[in-house]
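Trainee: Quick one: the structure is below, questions incoming.
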Amino acid sequence: MVAYMGEHTNLRKVAFVTGATSGLGLAIARSLAEAGYLVYGGGRRPAPSDLPANFTYVQTDVTSDESVRKSMDYVLSMAGRVDLLVCAAGFGISGAIEDIPMEEAASQFDVNFFGVVRVVQALLPTMRRQKGGRIIIIGSIAGKTGMPFQAYYSASKFALEGFVESLRYEVSAFNIEACIVEPGDFRTGFTGSRKKIVPDGSAYRDKYKKVIAVQEHDETHGMDPLVAGRRIVRLASARRLPVRITVGPLFERFAVWVRRILPDGWFEAFYRIYYKL
Ligand SMILES: NC(=O)c1ccc[n+]([C@@H]2O[C@H](COP(=O)([O-])OP(=O)(O)OC[C@H]3O[C@@H](n4cnc5c(N)ncnc54)[C@H](OP(=O)(O)O)[C@@H]3O)[C@@H](O)[C@H]2O)c1
Numbered sequence: 007m008v009a010y011m012g013e014h015t016n017l018r019k020v021a022f023v024t025g026a027t028s029g030l031g032l033a034i035a036r037s038l039a040e041a042g043y044l045v046y047g048g049g050r051r052p053a054p055s056d057l058p059a060n061f062t063y064v065q066t067d068v069t070s071d072e073s074v075r076k077s078m079d080y081v082l083s084m085a086g087r088v089d090l091l092v093c094a095a096g097f098g099i100s101g102a103i104e105d106i107p108m109e110e111a112a113s114q115f116d117v118n119f120f121g122v123v124r125v126v127q128a129l130l131p132t133m134r135r136q137k138g139g140r141i142i143i144i145g146s147i148a149g150k151t152g153m154p155f156q157a158y159y160s161a162s163k164f165a166l167e168g169f170v171e172s173l174r175y176e177v178s179a180f181n182i183e184a185c186i187v188e189p190g191d192f193r194t195g196f197t198g199s200r201k202k203i204v205p206d207g208s209a210y211r212d213k214y215k216k217v218i219a220v221q222e223h224d225e226t227h228g229m230d231p232l233v234a235g236r237r238i239v240r241l242a243s244a245r246r247l248p249v250r251i252t253v254g255p256l257f258e259r260f261a262v263w264v265r266r267i268l269p270d271g272w273f274e275a276f277y278r279i280y281y282k283l
């Protein structure tokens, strides 16, 4: 069932934002609306309260081809075009690689990776026809360096890094640009929605507990998602979209930079100390 509310006009730039019921996606959608975009977007939950008039809620499940198609059809019937796509829908699974059943691992990819693929595939014909568009994918710094006990989450975000790099080569001839945004820690619903899989008798339980405590502490002390929202607005109107940008606390952005120049073994040693492994 697709639920819709809000206003529409063809006079302004049109944005579609996935994962716009909470956290980063909601902050991005609000910031775009504040900046004058005509914003459409949503998630599976009902519309958040107090949406600005130029933010139309479109219920969308990125794991469903039909839901994504219906949402796109609706947006195009109302706005006629989409100038900016922001893919923010996502969630995290944590636990040891050995302990997480295959279907859970697959569900992580179905939302975080194939959820992006579904929406991008659904929108590219429109962007090609309108001879332009911008695609911003929300990755993670966990897509730059494997996080302990978040292997499937990290892998889904690593996959997006390659996806965006390949996409850029294919679509530039149609005046379509793409960028991956790698957030560090932001205070969102992400920590509360994380699926934790630690079976009774797991050989990894003690280490997992130590690591997840550090990770959740960092997340709950992370930045205000509105900072990312405003950064995405500036990015969306940049002269050209870069391949990637990192947003978030300075220390985490520094860690991503250090990861690039430090030998693998040194960086791994640093993470082992940081996560008490
Ligand atoms: N918070 C951080 O520190 C952080 C850091 C790096 C990267 N990220 C990434 O930022 C993105 C947003 O996460 P967040 O931190 O804002 O977490 P959040 O507050 O939990 O928001 C997640 C959003 O994703 C949506 N979503 C989840 N499954 C979906 C599905 N099947 N179909 C459609 N929408 C779905 C949720 O909507 P419904 O529940 O309504 O479906 C919600 O709007 C994610 O991709 C996450 O990996 C977050």
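Heads up, the sequence shown stops at 283 in our numbering, and the numbers go up one at a time, no gaps.
C-beta: ideal position from N, C-alpha, C; glycine also.
(1) Hey, how far is the Cα of ASN118 from the Cα of TYR175?
(2) Given 6 Å as the limit, tell me if ARG135 has its C-beta closer than that to any heavy atom belonging to ligand 1.
(3) Between the C-alpha atoms of MET153 and TYR281, what's the straight-line distance to the nearest angstrom?
(4) Within 6 Å: the Cβ of ARG51 and any heavy atom of ligand 1?
(5) Please state whether DSSP places GLY86 in a helix, a strand or coil.
(6) Using DSSP with H/G/I as helix, E/B as strand and the rest coil, what is PRO58?
(7) For ARG250, does the three-state DSSP call read helix, strand or coil?
(8) Taking all protein chains shown into account, do 16 or more other C-beta atoms lie within 10 angstroms of the C-beta of SER162, making it buried, or fewer, making it exposed?
(9) Check THR24 in the structure and name its three-state DSSP category.
(10) Using a 10 Å radius around the Cβ and a threshold of 16 neighbouring Cβ atoms, would you call MET108 buried or exposed?
(11) Between which two residues does the alpha helix (DSSP H) harbouring PRO189 extend?
(12) Between which residues of its own chain and THR194 is the CB-CB distance below 7 Å, once the five residues before and five after are set aside?
(13) Whose CA, out of GLY139, PRO205, VAL122, lies closest to the CA of GLY168?
(14) Flag this pair as yes or no: are the beta carbons of GLY228 and SER37 separated by less than 7 Å?
(15) If you draw a straight line from the C-alpha of VAL264 to the C-alpha of GLU274, how long is it?
(16) Compute the minimum distance between the beta carbon of ASP105 and the heavy atoms of ligand 1, and state whether it is under 6 Å.
Mentor: Let me lay it out:
(1) 22 Å
(2) no
(3) 10 Å
(4) yes
(5) coil
(6) coil
(7) strand
(8) buried
(9) strand
(10) exposed
(11) Counting along the chain, PRO189 falls outside any alpha helix (DSSP H), though it belongs to the beta strand (DSSP E) covering 182 to 189.
(12) SER28, GLY29, LEU30, PRO231
(13) VAL122
(14) no
(15) 12 Å
(16) no
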